[in-house]
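Chemist: Got a structure for you, written out below as structure tokens; questions coming shortly.
Numbering (this note's numbering), first residue to last: 1010 to 1284.
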């Protein structure tokens, strides 16, 4: 069976988990042939200890010159803006982890148009929340209200633009505190590393302007908690996910990386069926 050649953009925690999965559990269907990160030391670290270490691309042009079938973006919303269209134009499929970037209508439309023109696929893993299939189904009958409440410990929100701009001292918060409430399209800009799940939920349901996001800081918890509440002609839905964060990066939930690996498994299954 022909293997798919994979290129990885972003060598942080999520990228590392994905790379390890390809190297060990998915090596019969995928080959990670190159990685690219703006910090070369991260790219170097991700290759250490791998059975089949990929080549380290020194720049994005070098990265695209490799014979890649699928590019996995695990870097940032900015990376999706910078590289997404170019990846598709180069004849490669694209998996997007930083889904918040897709709430930019201009970028989303351009990615969709280029994907159609070049007959490429765009894959969007479910990320760190459950219930998206139910939201998609419910949207067919009509959704009237969708709310995402995200609760995180202080360190999980450290460095977010919203926190920095408003000079919020997270260390002084001693009880569960609502620090943000607003539309999903604003939330993904204010918290680009924290609520990509809001974008996934918006795309699955009633859109970025009608999807409501609440962010709570709770110093008494260690999990990243996402609770979805939806109302519509189908009835009511409540779905709660309590995610364990990565110790190295508390902004990110382990489930997000697992969702990417599961998406790869599904792509690999299609390869088997197609042979």
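Ideal Cβ positions, reconstructed from N, Cα and C, are used throughout, including at glycine.
Residue 1042 and residue 1064 look like a contact to me (Cβ under 8 Å); what is the Cβ gap, rounded to whole Å?
Modeler: Sure, about 7 Å apart at Cβ, within 8 Å.
Chemist: Mind checking who residue 1262 pairs with in its DSSP beta bridge?
Modeler: Answer is 1254.
Chemist: Using CA atoms only, rank isn't needed, just tell me which of 1090, 1173, 1215 is closest to residue 1153.
Modeler: The residue with the shortest Cα to Cα distance from residue 1153 is 1215.
Chemist: Let me know if residue 980 comes out buried or exposed under the rule of 16 or more other beta-carbons within 10 Å of its beta-carbon.
Modeler: Missing from the structure shown is residue 980; the chain here goes from 1010 to 1284 and no further.
Chemist: Apply the 10 Å Cβ neighbour rule to residue 1217 and answer buried if 16 or more other Cβ atoms are within range, or exposed otherwise.
Modeler: With 16 or more other Cβ atoms within 10 Å, it is buried.
Chemist: Please name the residue, chosen from 1087, 1119, 1059, that lies closest to residue 1098 on a Cα-to-Cα basis.
Modeler: Nearest C-alpha to residue 1098: 1119.
Chemist: Am I right that residue 1080 and residue 1094 are in contact with their C-beta atoms under 8 Å? What's the rounded C-beta distance?
Modeler: In fact, because the Cβ distance is near 12 Å, the residues do not count as touching under 8 Å.
Chemist: Kindly indicate which residue of 1222, 1059, 1184 has the alpha-carbon position closest to the one of residue 1198.
Modeler: Of 1222, 1059, 1184, the residue nearest in Cα terms is 1222.
Chemist: Is the separation between the beta-carbon of residue 1267 and that of residue 1252 shorter than 7 Å?
Modeler: For residue 1267 and residue 1252, no; Cβs fall outside 7 Å.
Chemist: My output table needs one value for residue 1277: the three-state DSSP class, helix, strand or coil.
Modeler: If DSSP states are grouped into helix, strand and coil, residue 1277 belongs with the helices.
Chemist: Can you have a look at residue 1066 and say buried or exposed, based on whether 16 or more other CB atoms are within 10 angstroms of its CB?
Modeler: Residue 1066 comes out buried.
Chemist: Straight-line CA distance for residue 1053 to residue 1245?
Modeler: Those two C-alpha atoms are separated by around 48 Å.
Chemist: Residue 1161 bridges to which residues according to DSSP?
Modeler: The partner list for residue 1161 (beta bridge, DSSP) reads 1226.
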